[in-house]
Amino acid sequence: AKDSGKNRYLFYDSNMHSELMRKSELEKRLRKAIDNGELKLVFQPQVELNEEKIVASEVLLRWISDEFGFVSPEEFIPLAEETGLIIPIGKWVLEQACLINKQWMDEGYAPKIVGVNVSVIQLKDENFLENLREILHETNLQPEYLELEITESVVMEELDETLKILNEIRFMGVNISLDDFGTGYSSLSYLKELPINKLKIDKSFIDKIQHDESSKEIVDGIIQLAHKIELTVLAEGVETKEQLDILKNMNCDKIQGYYFSKPISKEEFEKMC
Ligand code: C2E
Ligand code: CA
Ligand code: CA
Ligand code: CA
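Count along the sequence shown from 1, then add 8; that gives the number in the working numbering.
In C-alpha cells:
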C-alpha cells in the first residue's frame, strides 16, 4: 500500500511536470507563431433566418504549429491571455479580419459584417482604442462592417470599466455583440443600458431546446426581450433542423452553427458568397 501511494505521487508529479513542460514550450512557440506564419483565420457564416442568406461571419483563429501540429484555441487562447501574448495576436487578428473584409468589398462580394473575438485583456489594454482606430483607418474598412464579440461575463463583472470602452467603440461606428450570452449573470434589465447591437445566445442553451422545456422558455424569453429593446439575436451552435425550426418559430434573427457550416477557410467562404 505504501509503495502504490508512492507511485501514485510520482505519477501525478511527472504528469504535472509534462503539463508544465508543454505549457512553457507552447508559450515559446506561440510567441513566434505570427512571424512563422503559423496562425490563420477561418470564417464561420452567420445566416439570417428570414431569407436564409449569409449576412456575416465570425473569424476564428487557428494555430498549426510546426512543433505541435493543430493546437485548439481552447488551449492556446487562455495561454495567450495569461502571458499577454493575446495583445499582439489579437491585434493581428483584427488587422487581418478588417483587411480581408475590405478586400471582399473591393472584389464586389455582397457586403458582410465580420465578427472578431476580443479578449478582456485586449479590451482593457491602454492602446486598444487607438489600435482599433488605426486599423480602421489603414484598412479603410467602413466601421459598420466590423463587429467585436465580447463575452457577457466580462462585461458584467466589470461594468463601469468596460462601459466606457464599449461606448467609445460604438461611437466609432463599430458594432458590438455580447458573446456566450446566458452563461453570465446579467440581469436582463441591464441590457438596455449597454451600447450593444446583438446578443449571441450560448450554444449550451441551443443544445437543449429540443428536449428541455425550460431551456426553450429561456431562449424564447431572451429573444422576445431582446427584440423589445431592439437588439438582434443570434443563436450559436445550431446543429440540427429541429433546432433551426424552433428558433425560426421564436423569431430568432440569425444562426451560426454546424447545421449551416463549420468554420471554413477564406477561399471556401468566398465560394459560398
Ligand atoms: P466562441 O467565440 O464562442 O466561438 C464559437 C466556437 O464554437 C468556435 O470554436 C466554433 O468553431 C464552435 N462552433 C460553432 N458552431 C458550432 C456547432 O454547431 N457545434 C459545435 N460543437 N461547435 C460549434 P473554436 O473555433 O474552437 O473557438 C473556441 C473559442 O476560442 C471561441 O469561442 C473563442 O472564445 C476563442 N477564440 C477563437 N478565436 C479567437 C480569437 O481570434 N480571439 C480570441 N480572443 N478568442 C478566440
Ligand atoms: Ca465568439
Ligand atoms: Ca460564443
Ligand atoms: Ca464560447
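We treat Cβ as the ideally placed atom computed from N, Cα and C, and that holds for glycine. In this text, all values refer to a predicted model and were calculated from it rather than measured experimentally.
Here the alpha carbons of K48 and I143 stand approximately 18 Å from one another. Between the C-alpha atoms of I72 and F78 there is a straight-line separation of about 5 Å.
Counting along the chain, L69 sits inside no alpha helix (DSSP H); it lies in the beta strand (DSSP E) bounded by residues K61 to S73.
For the pair V124 and L93, the CB atoms are not nearer than the 9 Å cut-off.
For F179 against I209, the beta-carbon gap comes to about 26 Å, at or over 8 Å, which does not count as contact.
By the Cβ criterion, the segment 235-242 is not in contact with the segment 269-280, since fewer than three pairs of Cβ atoms, one from each stretch, lie closer than 8 Å. Short of 8 Å from the beta carbon of L174, and not among the five residues preceding or following it, lie these beta carbons of its own chain, in chain order: I158, V163, I184, L202, P203 and I204. I263 places its beta carbon less than 9 Å from that of V246. Classified as exposed, S80 has fewer than 16 neighbouring CB atoms from the shown chains inside 10 Å of its CB. The C-beta distance from K120 to A41 rounds to 27 Å, too long to fall under 8 Å, and the pair is not in contact.
For S127, the CB falls within less than 8 Å of some heavy atom of ligand 1. I177 is a Cβ neighbour of L137, given a cutoff of 9 Å. Taking L252 as the centre and dropping the five residues before and after it, the same chain places the C-beta of V246, I263 and Y267 closer than 7 Å to its C-beta, in chain order. Contact between I97 and A88 holds: CB atoms are separated by about 5 Å, below the 8 Å threshold. Collapsing the DSSP output to three states places V126 in coil.
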